[in-house]
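A.B. asks: Under our numbering, the first residue of the sequence shown carries the number 1, and numbering increases by one thereafter. Backbone N, C-alpha and C fix where the C-beta goes; we use that ideal spot for every residue, glycine too.
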Amino acid sequence: MFFLSSVAGLWAFLTLRFSIPSAVCRDRSRLIVGRLSEFNTEGVYTHLRDSHGIWLVCIRATGQRRLMAYRATCTHLGCLTMWSQADNEFHCPCHGSAFDLSGNNLRGPAPRPLDVCTLRILDDDLVEVNTARTFRRGPGRALPPDSYIVL
Ligand code: FES
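#1: Relative to the C-alpha of H95, which candidate in C79, E89, A86, Q85 has its C-alpha closest?
#2: Tell me which residues share the same chain as L122 and place their Cβ nearer than 6 Å to its Cβ, disregarding the 5 neighbours each side in the sequence.
#3: Checking the sheet assignment: what are the DSSP bridge partners for G34?
#4: For S84, is the beta carbon positioned less than 7 Å from some heavy atom of ligand 1?
#5: Do L101 and I149 have their C-beta atoms closer together than 8 Å?
#6: Compare the beta carbon distance of V116 and L143 with 8 Å and say whether it is the shorter of the two.
#7: Going by DSSP, which residues form a beta bridge with Q85?
#8: How is H52 classed by DSSP in three states: helix, strand or coil?
#9: What first and last residue would you give for the beta strand (DSSP E) that runs through R210?
#10: Run the CB neighbour count on R71, radius 10 Å, all protein chains shown included, and call it buried at 16 or more, exposed below.
#11: What residues match up with R60 in a beta bridge as DSSP calls it?
#12: What does the Cβ neighbour count give for T81, buried or exposed, with the cut at 16 atoms within 10 Å?
#13: Write down the C-beta distance between P113 and R137 rounded to the nearest angstrom, noting that I regard them as a contact closer than 8 Å.
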């Protein structure tokens, strides 16, 4: 009897577990990357590059210190870029493109700057990056206000 009720319980659990789509349980494109105070130092935060293909960057732009999230994929053919602290540039290992700290393409075949993700501040100063909402930069295209956080 105990065996039958255990099997029935396991059956009920598995039926419920796999009848709920995983997309309802979590949204993989929305990443909580830390608290705002963790990104006060200007420079590149590399810890999300391998796991999520994101560079978090604290830069000074138009008189402000801003936190931004760049897609780490090269805008040429999509290779994963690398950060070179020595050169203060992002390098693409595939065909030699390079991008400056602002993500602007400097040389090589990459046709445009690195794409940027949208960010927002949640409760408790937690920073959320939305990797599904990206902005393609180019000449004459001003950054949307949700593509950076003023620090
Ligand atoms: S994919 Fe980066 S330069 Fe070609």
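C.D. replies: Short version:
#1: C79
#2: E128
#3: V127
#4: no
#5: no
#6: yes
#7: Paired residue(s): none; Q85 is not in a bridge.
#8: helix
#9: This structure cannot settle anything about residue 210, because the visible part of the chain is limited to 1 through 151.
#10: buried
#11: R65
#12: buried
#13: 4 Å
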